[in-house]
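This report concerns only the one structure given below.
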Amino acid sequence: MEKTGMKSTAALLCALLVSTLVSGCTAQPKTDQPEVSPEAQFDVMGKADVVIVGGGGTGISAALTAVENGAESAILVEKLPELGGFMRMKTGQFSAANTTLQIEQGLTEDSVERYEKEILKFGNSNGGHPIEYLVKSYAENATEAWEWVYEMGVKDYPFMTDKDGNKVIVNPGHMPYEYNRTYVPMPKEDSKLANPVIEVMLKELEKQDKIQVFTSVAGTKLITNEKGQVCGAEGVGTDGKTYQFHSNYGVIMSTGGYAANPKLFEAYSTDLHNLISASLSSDDGYGLRMMQEVGAGITEEAMSWIETYPKGMVNEGSTTQGVNGSTGTYYTGGILVNILGERFINECAWDDEVRNAGLKAQPESYMFEIFTDKILEDTQGTLRGAYDSFKEGGIYRSRLVEANTLEELAEKLQIPVETFVQTVEDYNKAVEAGVPDQFGREFEVKPNENRVEAINKIEGDRFYALKLQPIVLSSRGGILVNDKNQVTTAEGTVIPGLYAGGEVVGQMWGKTIAPGVGMNGAVTWGRITGRNIMNLPMEEGYEVKPAPDMFDLSLFEKDTAAVSGVDFKDLTDGVYEGTADGMNAAVKVSVTVSGGQITEINIVEHQESAGISDPAIQQMPGKIIEAQSSKVDAISNATITSNAIKQAVENALR
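Residue numbering for the sequence shown follows the UniProt record's numbering, beginning at 1 and increasing consecutively.
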């Protein structure tokens, strides 16, 4: 459906209807419009200088940049109900060299070359092979992209700071750069979105009268002409309407990765166990297949590079979705144990990949964070802790397993009691000794050298555990592009009129992503593709044909399963409250029962992504009341929120 607040249909060239394979793409926009073929009518048809499929950070950046570079009209198509993609859900780290923030802080010795070298160092670790010309292109354009959004309004937001109040920090989630260049903008008190960069770009988008936005529309097919040029895209909306958009300059694909498609993961990797995803449901990889249909190649090796994190906390009522839920207590004295009750890793290693590899090697790929009140309290004020989420009254406090003794905790976790108790005793002795233990863990705070934030033994009268498993946030494989972000075949032939940017591009970062390049990369690739599509000539004579290794459609079919839930009968009158994990935090509901039936359901507390979750928030209570059951279908594109509401109602009425 068309998004309000942007350019109206009447004001755009969408009134000029065209048909598949009739309109010709050229390096210059056409002024004469072809006749419409009645047989090719779609419910919604349109034409613009540029069509962008995928409205996350890259897509928004690309649309704005295309207009900056002369586009008189642009169409931005997004599968979800709102723009912003994964970046909309949370803030994150950005990085770039020679920035205003660095200069203000007196950090004047950085360079693009130094930045590029460090990104490659990350990418080449753990057996990765980044595409060097893409890293070079990113590094050379990253500063301009960051300064663009910074001046657009990000500079007016608060920033995460270190203990000295510096905005340019040593990143809290990865191994550090050799030179400080990481920035984490934070939302304002009145912010509607968690990510300031997305918020300011959306505000800029609202000012545009040349960009038309269609949300809840999934891309299904690319359009080509007799010259072998890509000149449009087709799609289908959640309302069942069909869409067809033609373009004068080509199409930018920014449809994201495939982190929410376990079938595609499993087709390339067999060593994944109990893997959960924190990605959006739209990240199914179908954009890759759309490009394969016109001959695009994929980065075959990188398709098996599934970067997981050892911090996955599964959502209640789910076996496949979760959140990045670590307490961070292992930095302040806690430990990690497997289901055998044994430690297995240096918990304070700089690189998450060390813990990640260790976790995946454990039985069933589960582990428990073990800590005390004192250890949790010491995470306050650190860049790596999550104290507010797990403290008394915190949104995830209910996920902790609590016990008065180590023996009781082991029994609740169903792990060997004697082994676990001995593990803790051995650890406490190592703390007392103060020298590195058998895993190499140090018991000395060394800023910028290790991740030790505090020294504590596991002792006291209250003990806690949190169960974690591998979680995937993004994918590494994807489509092949050249140094101008033009999509190519496996042999390197440019597909005229087709550009790609963001996570849909494969292997650009290698296997391990450097700090801040994921977030700033989204903006940067949008800038690059938006400029190039408007300024580079479009070749002719390409022979359009499907790639020989095109993904089978079965990889994108949603598995159907019986709708789980509970029938509510003979309930006791009253008002009940229940909670369950949503996409970002707990969802809390109030359920009123009168005459033995549910008469009212109110969502009293949630932090779900605005727009994406709205249909579930608005419709699920009514569906449950009408059915007097939680055995109702989830709302399309809001599955996690829908299931959270169902689970919360069930929990309230238990």
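Heads up, the beta-carbon is just placed ideally off N, CA and C, and yes, glycines get one too.
It should be emphasised that the depicted structure is a prediction, and the values quoted were computed from it without experimental measurement.
(1) Given a threshold of 16 other Cβ atoms within 10 Å of its Cβ, counted over all protein chains shown, does Gly-287 qualify as buried or as exposed?
(2) Using 8 Å as the threshold, is the segment 50–65 in touch with the segment 508–526, meaning 3 or more CB pairs across them?
(3) Secondary structure at Glu-650, three-state DSSP: helix, strand or coil?
(4) Going straight from the alpha carbon of Phe-42 to that of Pro-158, what length do you get?
(5) Who are the near neighbours of Met-550 in its chain, counting only those whose CB is closer than 6 Å to its CB and skipping five residues on each side?
(6) Bridge partners for Ile-603 per DSSP, in chain order?
(7) Here's the rule I'm using: 16 or more other beta-carbon atoms within 10 Å means buried, otherwise exposed. How should Ser-277 be labelled?
(8) Is there contact here, the segment 260–268 with the segment 506–521, by at least three beta-carbon pairs under 8 Å?
(9) Exposed or buried, Ser-554, counting other C-beta atoms within 10 Å across all chains shown (16 or more means buried)?
(10) Let me make sure I understand the geometry here. Which of Ala-145, Arg-114, Ser-281 has the alpha-carbon closest to that of Glu-557?
(11) Does the beta-carbon of Tyr-115 have 16 or more other beta-carbons within 10 angstroms, so that it is buried, or is it exposed?
(12) Phe-371 to Glu-151, Cα distance in whole Å?
(13) Quick one: is Ala-410 buried, meaning 16 or more other Cβ sit within 10 Å of its Cβ, or exposed?
(14) Apart from the five residues on each side of it in sequence, which residues of its chain come closer than 7 Å, Cβ to Cβ, to Gly-358?
(15) Over the uninterrupted alpha helix (DSSP H) stretch that includes Phe-86, give me the two end residues.
(16) Given this structure, state the Cα-to-Cα distance separating Ala-233 from Arg-355, to the nearest angstrom.
(17) Taking just the CA atoms, how far does Lys-588 sit from Glu-605?
(18) Can you tell me whether DSSP reads Gly-492 as helix, strand or coil?
(19) So the candidates are Phe-390, Ile-103, Gly-285; which of them puts its Cα closest to the Cα of Val-505?
(20) Run through DSSP, which three-state label would Gly-334 get?
(21) I'd like the list of long-range same chain contacts for Arg-399, defined as Cβ closer than 6 Å, with 5 residues on each side in sequence excluded.
(22) With a threshold of 8 Å between beta-carbons, can Ile-306 be considered close to chain D, or not?
(23) Determine the direct distance from the alpha carbon of Glu-408 to that of Glu-432, and round the result to whole angstroms.
(24) Give the single residue among Lys-374, Ile-75, Leu-205 whose Cα lies nearest to the Cα of Thr-329.
(25) Which same chain residues end up closer than 6 Å to Leu-264 when comparing Cβ atoms and leaving out the 5 residues on each side of it in sequence?
(26) Relative to the C-alpha of Thr-238, which residue among Asn-535, Val-77, Lys-457 is closest?
(27) By the three-class DSSP mapping on this structure, what secondary structure does Ala-638 have?
(28) Below 8 Å between beta carbons: does that hold for Ser-630 and Gly-565?
(29) Would you kindly work out how many angstroms separate the C-alpha atoms of residue 715 and Lys-79, rounded to a whole number?
(30) Pull up the distance between the alpha-carbon of Asn-69 and that of Glu-543, whole angstroms please.
(31) Check for me: the beta strand (DSSP E) holding Leu-76 runs from which residue to which?
(32) Is it true that the CB of Met-519 sits closer than 8 Å to the CB of Gln-212?
(33) Under a Cβ-count criterion, where at least 16 other Cβ atoms within 10 Å of its own Cβ denotes burial, should Leu-340 be classed as buried or exposed?
(34) Between Val-314 and the rest of its own chain, which residues show a CB-CB distance below 6 Å, the 5 nearest in sequence each way excluded?
Inspection of the coordinates gives the following:
(1) Counting from one through the sequence shown, the residue named residue 287 turns up at place 287. Buried, because 16 or more other Cβ atoms sit within 10 Å of the Cβ of Gly-287.
(2) The segment 50–65 is in contact with the segment 508–526.
(3) The residue labelled residue 650 in the question sits at position 650 within the sequence shown. When DSSP states are grouped into helix, strand and coil, Glu-650 belongs to the helix group.
(4) In the sequence shown, the residue the question calls residue 42 occupies position 42. In the sequence shown, the residue the question calls residue 158 occupies position 158. Whole-angstrom Cα-Cα distance: 46 Å.
(5) To locate residue 550, count along the sequence shown from 1; it is residue 550. Closer than 6 Å at Cβ, skipping near neighbours: Gln-292.
(6) Counted from its first residue, the sequence shown places residue 603 at position 603. DSSP, once it has assigned bridges, lists Val-589 as partnering Ile-603.
(7) Counting from one through the sequence shown, the residue named residue 277 turns up at place 277. Label assigned to Ser-277: buried.
(8) As far as the Cβ criterion goes, the segment 260–268 does not touch the segment 506–521, which means the pair count is below three.
(9) Along the sequence shown, read from residue 1 onward, the residue named residue 554 stands at position 554. With fewer than 16 Cβ atoms within 10 Å of its Cβ, Ser-554 is classed as exposed.
(10) As a working mapping, residue 557 is identified with position 557 in the sequence shown. Distances from the CA of Glu-557 to each of Ala-145, Arg-114, Ser-281 were compared; the closest alpha carbon is that of Ser-281.
(11) By 1-based counting over the sequence shown, the position of residue 115 is 115. Buried, by the Cβ-count rule.
(12) For the purposes of this step, residue 371 is taken as the residue at position 371 of the sequence shown. For the purposes of this step, residue 151 is taken as the residue at position 151 of the sequence shown. Each residue's alpha carbon lies about 43 Å from the other.
(13) Locating residue 410 in the sequence shown gives position 410, where the first residue counts as 1. Buried is the call here.
(14) For the purposes of this step, residue 358 is taken as the residue at position 358 of the sequence shown. Cβ within range, chain order: Phe-344, Ile-345.
(15) By one-based count along the sequence shown, residue 86 stands at place 86. Counted as a single uninterrupted DSSP element, the alpha helix (DSSP H) harbouring Phe-86 occupies residues 85–89.
(16) Against the sequence shown, residue 233 aligns to sequence position 233. Against the sequence shown, residue 355 aligns to sequence position 355. Each residue's Cα considered, the two are about 43 Å apart.
(17) In the sequence shown, counting from the first residue as 1, residue 605 sits at position 605. In the sequence shown, counting from the first residue as 1, residue 588 sits at position 588. Cα to Cα, the separation comes out at about 5 Å.
(18) As a working mapping, residue 492 is identified with position 492 in the sequence shown. Of the three classes helix, strand and coil, the one that applies to Gly-492 here is coil, per DSSP.
(19) For this step, residue 505 is matched to residue 505 along the sequence shown. Cα-wise, what sits closest to Val-505 is Gly-285.
(20) Reading the sequence shown from its first residue, position 334 is the one you call residue 334. In the structure shown, Gly-334 sits in coil (DSSP, three-state: anything other than H, G, I, E or B).
(21) Walking along the sequence shown from the start, residue 399 turns up at place 399. The beta carbon of Arg-399 sits closer than 6 Å to no other beta carbon from its chain once the five residues preceding and following it are set aside.
(22) Looking at the structure shown, chain D is missing, and only one protein chain is on hand.
(23) On the sequence shown, position 432 is the one that residue 432 refers to. On the sequence shown, position 408 is the one that residue 408 refers to. Rounded to whole angstroms, the separation of the alpha carbons of Glu-408 and Glu-432 is 24 Å.
(24) Start at 1 with the first residue of the sequence shown, and residue 329 comes out as number 329. Nearest C-alpha to Thr-329 among Lys-374, Ile-75, Leu-205: Lys-374.
(25) Taking the first residue of the sequence shown as position 1, residue 264 is located at position 264. Listed in chain order, the non-local C-beta contacts of Leu-264 below 6 Å within the same chain comprise Tyr-258, Gly-285, Leu-555, local neighbours out to five positions each way being set aside.
(26) Looking up residue 238 in the sequence shown gives position 238. Looking at the Cα atoms, Val-77 is the closest of the given residues.
(27) Reading the sequence shown from its first residue, position 638 is the one you call residue 638. When DSSP states are grouped into helix, strand and coil, Ala-638 belongs to the coil group.
(28) The sequence position of residue 630 within the sequence shown is 630, counting from 1. The sequence position of residue 565 within the sequence shown is 565, counting from 1. Note that the C-beta distance between Ser-630 and Gly-565 is below 8 Å.
(29) Residue 715 is absent from the structure shown; the chain starts at 1 and stops at 654.
(30) Reading the sequence shown from its first residue, position 69 is the one you call residue 69. Reading the sequence shown from its first residue, position 543 is the one you call residue 543. The straight-line gap separating the alpha-carbon atoms of Asn-69 and Glu-543 is approximately 29 Å.
(31) Counting from one through the sequence shown, the residue named residue 76 turns up at place 76. Unbroken beta strand (DSSP E) run through Leu-76: 74–77.
(32) In the sequence shown, the residue the question calls residue 212 occupies position 212. In the sequence shown, the residue the question calls residue 519 occupies position 519. Contact check for Gln-212 against Met-519 fails: the beta carbons are separated by 8 Å or more.
(33) For the purposes of this step, residue 340 is taken as the residue at position 340 of the sequence shown. Leu-340 counts as exposed, since fewer than 16 other beta carbons sit within 10 angstroms of its beta carbon.
(34) Here residue 314 refers to the residue found at position 314 of the sequence shown. Excluding positions up to five away in sequence, the list reads Ile-276, Gly-322.
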